[in-house]
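Remarks on the structure that follows.
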Amino acid sequence: MQRTVFITGATSGIGMATARKLAPNFRLILCGRRQERLDDLMKELGEITDVVTLNFDVREKSAVFSAVEQLSDEWKKIDVLVNNAGNAHGLATFDEADIEDLEAMIDINVKGLIYVSKAVIPYLKLSENPHIFNISSIAGKEVYPLGATYCASKAAVESLSKGMRYDLLPYGIKVTNIAPGAVETEFSEVRFKGDSERAKQVYAGFEALVADDIAAAIDYALQQPGHVQIADLTIFPKAQAGGTVIYKTL
Ligand code: NDP
Ligand code: 8X3
């Protein structure tokens, strides 16, 4: 039987590219809040594989658990979890940042990832070849000015990846932490609250990663033999050497 992957944040960027990349070999459970995009994905990828969509906000603990519980027994046979949903909200000094933005990043990037993991892991334990991917960031490994809370949220993801890897050893669950550098997605549009011009500037003057580059890394980790666990991948564009160190030719 085909294996099943559960992807959060499948309605855009890295999550959507991962859904497309894995569709030929996996059944898909695709999650997000934008129903129209979930419907479009169901139409597109339903031509290739079996697809179920779940609409919930990862911040809402009871919605997360009830979405997973509502899956049929057949769809609860989950083999792979991709914890990808997340964003930066704002770019400002810690003292001036909007406290609601800071709360959103902790609630989505950290608490949301915990809720989804807690809801799905009981089913992963029943899989023969279970695997969790946590999408962290270079921001989880290095702090940059104006990004304290986003960086803190991703540093928490780094710790959660390590901690899950320890605690889930008895169940044979592989845990792969992926820390991308700059990937051109809707990420900066969200960070700058729809200011497309400002978002575009983030990726001007160099060749940023595209979402498919990260999807390819997930696919690579999944293709390893059963005894091989890719623990941690940091993936930069060629022009990047650190969180804010990007060589631009403008
Ligand atoms: P996008 O903005 O393109 O995608 C973010 C996804 O997360 C969307 O599908 C969105 O779906 C979902 N999401 C956001 N908030 C919530 C929520 N409250 N509940 C449920 N789903 C939510 O960004 P990326 O694809 O770039 O980001 C994916 C991950 O990669 C994030 O964790 C990000 O931090 C990380 N990352 C991104 C980098 C980059 O440069 N782009 C670099 C390093 C890491 P919807 O709005 O439909 O709910
Ligand atoms: C997203 C990319 O540049 O904010 O994690 O670290 S960055």
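Residue numbering for the sequence shown follows our numbering, beginning at 998 and increasing consecutively.
All residues carry an ideal CB built from backbone N, CA and C; glycine is no exception.
Reference residue i, options the options, closest by Cα
i	options	result
residue 1014	1127, 1182, 1244, 1044	1182
residue 1041	1051, 1022, 1016, 1063	1016
residue 1001	1219, 1226, 1169, 1208	1219
residue 1196	1065, 1180, 1210, 1035	1180
residue 1078	1177, 1053, 1101, 1122	1122
residue 1148	1204, 1138, 1156	1138
residue 1108	1150, 1095, 1073	1150
residue 999	1037, 1048, 1130	1048
residue 1169	1120, 1231, 1103	1120
residue 1010	1092, 1152, 1084, 1129	1084
residue 1114	1007, 1130, 1125	1130
residue 1144	1112, 1092, 1163	1092
Reduced DSSP secondary structure (H/G/I, E/B, other) of residue i
i	result
residue 1014	helix
residue 1022	coil
residue 1208	helix
residue 1032	helix
residue 1002	strand
residue 1172	strand
residue 1167	helix
residue 1027	strand
residue 1247	coil
residue 1192	coil
residue 1187	helix
residue 1237	strand
residue 1041	helix
residue 1225	coil
CB contact flag (residue i, residue j, <8 angstroms)
i	j	result
residue 1021	residue 1076	no
residue 1052	residue 1032	yes
residue 1165	residue 1110	no
residue 1046	residue 1023	yes
residue 1081	residue 1118	no
residue 1141	residue 1203	no
residue 1174	residue 1194	no
residue 1134	residue 1167	no
residue 1209	residue 1232	no
What are the complete beta strand (DSSP E) segments, minimum 3 residues, inside the stretch 1048–1098?
The stretch 1048–1098 is shown to contain whole beta strand (DSSP E) runs of 3 or more residues at 1048–1052, 1077–1080, in chain order.
Give, in chain order, every unbroken run of the alpha helix (DSSP H) that is at least 4 residues long and sits entirely within the stretch 1107–1155.
1110–1121
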